[in-house]
């Protein structure tokens, strides 16, 4: 993949996952290809994904605006 998104990092402690190990493994396996951690529920990492898409897709840049609290549809 062009960008590896490791999502739901908030659940890592609940399933015994170690984010430091995941980061080390991602660096080892991907070399210089980018990756990032995210927790979309709390809007962590969303800006990095958006920036990557804009940069790689040649789209006009606009500042990221997080959705208003409570506007998420379940």
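In this note's numbering, the protein residues as written are 3 to 76.
For every residue, glycine included, the Cβ atom is placed at its ideal position computed from N, Cα and C.
Owing to the predicted nature of the structure, the values given are computational and were not obtained by experimental measurement.
Separation of residue j from residue i, as counted between CA atoms
i	j	result
residue 82	residue 54	The displayed coordinates of the chain run from 3 to 76. Any statement about residue 82 would go beyond what the structure contains.
residue 23	residue 69	31 angstroms
residue 71	residue 43	10 angstroms
residue 16	residue 39	16 angstroms
residue 18	residue 8	15 angstroms
residue 97	residue 49	As displayed, the chain neither begins before 3 nor continues past 76, which places residue 97 out of reach and without an answer.
Residues that DSSP places opposite residue i in a beta bridge
i	result
residue 7	38
Cβ neighbours of residue i in the same chain (closer than 7 angstroms, five flanking residues each side left out)
i	result
residue 45	68
Helix, strand or coil at residue i according to DSSP, with G and I counted as helix
i	result
residue 15	helix
residue 67	coil
Residues of its chain near residue i, where Cβ-Cβ distance is below 6 angstroms and the 5 sequence neighbours each way are ignored
i	result
residue 14	21
residue 37	6, 28
Chain-order list of residues whose beta-carbon lies under 8 angstroms from that of residue i (same chain, five-residue window excluded)
i	result
residue 41	9, 10, 11, 12, 47
query: Which ranges does the alpha helix (DSSP H) cover as unbroken runs of at least 4 residues, wholly within the stretch 30-63, from first to last along the chain?
result: The stretch 30-63 contains these whole alpha helix (DSSP H) runs: 48-59.
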